């Protein structure tokens with residue numbers, strides 16, 4: 226069973242899943258869905274069969290004679306965690322586990338939805354400066370994440386190994402830099418991101434390191 | 226150990242947690258944080274100690290001599306699920322479990338962040354019609370959710386008992402009505418929401434049924 230990952234190099238949500246797959250040593254085929262406004266391949270006929278929400282990433286595989294699909298990075302990572310528990314992306318203690326999800330959701334539901342390409346395009350059509358909008362929401366979200374992460378962080382956001390909050394923070398910090406945000410201001414996040422990017426699972430899956 | 230739920234009657238994210246607590250029979254103290262633009266109590270001095278992101282809901286309790294807090298509805302519900310497993314909010318099979326998260330995230334990360342009060346206020350300041358913006362994103366999100374949920378639904382979105390997707394869909398459909406969206410168009414979602422609202426865990430926690 227080889228799984229297919231539908232995604233795009235520069236999609237931060239896809240990058241989260243690439244990191245998770247790499248950390249767990251799961252090899253997948255990759256299918257490029259160019260979500261840039263000039264291409265909009267997620268709107269092509271047929272992609273709605275993979276993901277009716279027409280977003281990346283999506284994971285697809287055959288099992289028990291049927292094609293199975295999953296979208297939404299949190300759902301995909303939760304599935305990978307349950308089917309490939311080692312190394313863990315979530316701590317085992319219930320409270321620590323929920324705190325890990327909380328940090329990841331602060332990016333997943335709190336920042337990224339407000340600065341994805343499709344939303345920024347709609348804002349621009351309505352006369353709103355998309356870069357200023359993205360910058361505002363990324364800065365506010367990262368400031369909250371920094372405050373929440375500071376106490377529990379070690380080399381990585383939850384201690385001495387990369388876990389699910391790192392998978393969300395590193396791509397979001399990468400996007401922050403694109404909008405001219407000085408990420409050194411978020412010292413815990415910046416330090417942990419540097420530790421992450423020293424690992425092949427992060428550096429080999431970086432948008433600049435993958436083809437499409 | 227009595228937990229405190231910081232939230233607001235009309236916050237759809239808080240309502241999700243109220244439903245989860247009610248289904249599992251967990252009694253909590255409630256602390257009102259009026260997040261309406263006229264009040265903005267989430268910005269009051271002191272609330273950042275509960276949630277540095279200044280959002281509701283947040284759950285707080287004392288354990289092992291320390292004050293513990295959780296924010297983000299997905300993190301709170303995951304914690305309740307692990308500490309109070311019955312009745313389950315997620316199926317046990319790994320794929321079914323991830324699909325449940327996927328449907329919930331479609332609301333949590335795909336719709337609600339684009340139509341919360343704070344974001345709509347910022348849009349209005351920038352000359353964008355907030356109601357038209359909210360309507361567009363709720364309609365698109367619910368259309369995708371309807372397509373994804375149709376095949377697996379029974380009386381409820383995942384079969385014969387309310388689970389985590391119902392906790393996200395019902396408050397989102399309530400918001401949809403506020404913007405004049407005809408939810409009957411999303412026939413599976415509307416049918417399952419009606420079944421949910423016949424249960425006390427949903428009807429007794431409805432924004433119109435709770436004081437603040």
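Chains as they are written, first to last, in my numbering: chain A, 226 to 437; chain B, 226 to 437. For each residue, glycine too, the CB sits at the ideal point set by N, CA and C. Predicted, not measured: the structure shown is a model, and the values here were computed from it.
Distance check between residue 299/A and each of 326/B, 295/B, 403/B places 326/B closest, using alpha-carbon atoms only. The alpha-carbon separation between residue 233/B and residue 423/A amounts to approximately 43 Å.
Pairing residue 338/A with residue 369/B gives a Cβ-Cβ distance that is not under 7 Å. Rounded to the nearest whole angstrom, the C-alpha separation of residue 310/A and residue 336/A is 28 Å.
Between residue 315/B and residue 389/B, the C-beta spacing is below 7 Å. By the C-beta density criterion, residue 357/B is exposed, having fewer than 16 other C-beta atoms within 10 angstroms.
Residue 333/B counts as buried, since no fewer than 16 other beta carbons sit within 10 angstroms of its beta carbon. At a cut-off of 7 Å between beta-carbon atoms, residue 422/A makes no contact with chain B. Close partners of residue 351/A in chain B (Cβ separation under 7 Å): 353. Within the region 388 to 413 of chain A, contact with chain B at the beta-carbon level (separation under 8 Å) is assigned to no residue. By the C-beta criterion, the region 425 to 434 of chain A is judged not to be in contact with the region 233 to 244 of chain B, since fewer than 3 inter-stretch pairs fall below 8 Å. Contact residues of the region 323 to 348 of chain B toward chain A are 323, 324, 325, 326, 327, 328, 329, 330, 331, 333, 334, 335, 336, 337, 338, 339, 344, 347, 348 (C-beta to C-beta distance below 9 Å). Scanning its chain for C-beta atoms nearer than 8 Å, with the 5 sequence neighbours on each side dropped, one finds around residue 373/A the residues 327, 328, 331, in chain order.
Taking a Cβ-Cβ threshold of 9 Å, the residues of chain B close to residue 277/A are 368, 369, 370, 371, 372, 373, in chain order. A Cβ-Cβ separation of about 28 Å leaves residue 414/B out of contact with residue 349/B under the 8 Å criterion.
Taking all protein chains in view, the Cβ of residue 391/A is crowded by 16 or more other Cβ atoms within 10 Å, so the residue is classified as buried. Ranked by Cα distance from residue 290/B, the first of 226/B, 284/B, 343/B is 226/B.
Residues of the region 234 to 250 of chain A with a C-beta less than 8 Å from any C-beta of chain B: none at all.
Taking the beta carbon of residue 296/A as reference, the chain B residues within 7 Å of it are 327, listed in sequence order. Unbroken alpha helix (DSSP H) stretches of 4 residues or longer found wholly inside the region 374 to 403 of chain A: 389 to 403, given in chain order.
Contact note: residue 308/B reaches chain A through 319, using a C-beta cutoff of 8 Å and chain order. Rounded to whole angstroms, residue 294/B and residue 275/B show a C-alpha spacing of 6 Å.
Close CB contacts of residue 385/A within its chain, under the 6 Å cut and outside five residues either way in sequence, are with 379 (chain order).
Residue 226/B is outside the set of residues whose beta carbon lies under 7 Å from a beta carbon in chain A.
Of the residues assessed, residue 283/A falls on the buried side of the cut-off, its CB having 16 or more other CB atoms within 10 angstroms. By the criterion of a C-beta distance shorter than 8 Å, residue 425/B is surrounded in its chain by 247, once the five residues flanking it on both sides are discounted. The Cβ-Cβ distance between residue 253/A and residue 228/A falls below 7 Å. Excluding five sequence positions before and after residue 267/B, the CB atoms of its chain that fall closer than 6 Å to its own CB belong to 258, 260, 279, given in chain order.
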